[in-house]
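Numbering (full-length UniProt numbering), first residue to last: 1 to 68.
Where a beta carbon is used, it is the ideal one built from N, C-alpha and C, also for glycine.
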Amino acid sequence: MTQVLVDIDQEELTQAKDILGTTKNTEAVRLAIREVIAAKARRDVIEMFAGGAFADLGDDAVHAAAWS
Numbered sequence: 001m002t003q004v005l006v007d008i009d010q011e012e013l014t015q016a017k018d019i020l021g022t023t024k025n026t027e028a029v030r031l032a033i034r035e036v037i038a039a040k041a042r043r044d045v046i047e048m049f050a051g052g053a054f055a056d057l058g059d060d061a062v063h064a065a066a067w068s
């Protein structure tokens with residue numbers, strides 16, 4: 001694991017720890033980074049839905065063929 005020295009606003013860090021339910025600074029930062037990555041993945045899936053990537057899910061014939 002890489003160690004990085006960063007300046008973090010103490011009030012924001014405290015708020016993040018409260019939201020994430022953590023007591024340690026390192027744990028809060030790790031969880032916050034994971035949350036950002038997960039949020040990006042969720043946005044990507046939403047964009048895929050909006051772009052029609054899953055349009056066949058509503059097609060009964062496609063659905064039936066998948067289970068036959």
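| Item | Value |
| --- | --- |
| Spatial neighbours of Thr23 within its chain, please: C-beta separation below 7 angstroms, excluding the five flanking residues on both sides. | Lys17 |
| Using 10 angstroms around the beta-carbon of Ala28, count the other beta-carbons present and answer buried if the total reaches 16, otherwise exposed. | buried |
| Could you check what DSSP says for Lys17 in three-state terms: helix, strand or coil? | helix |
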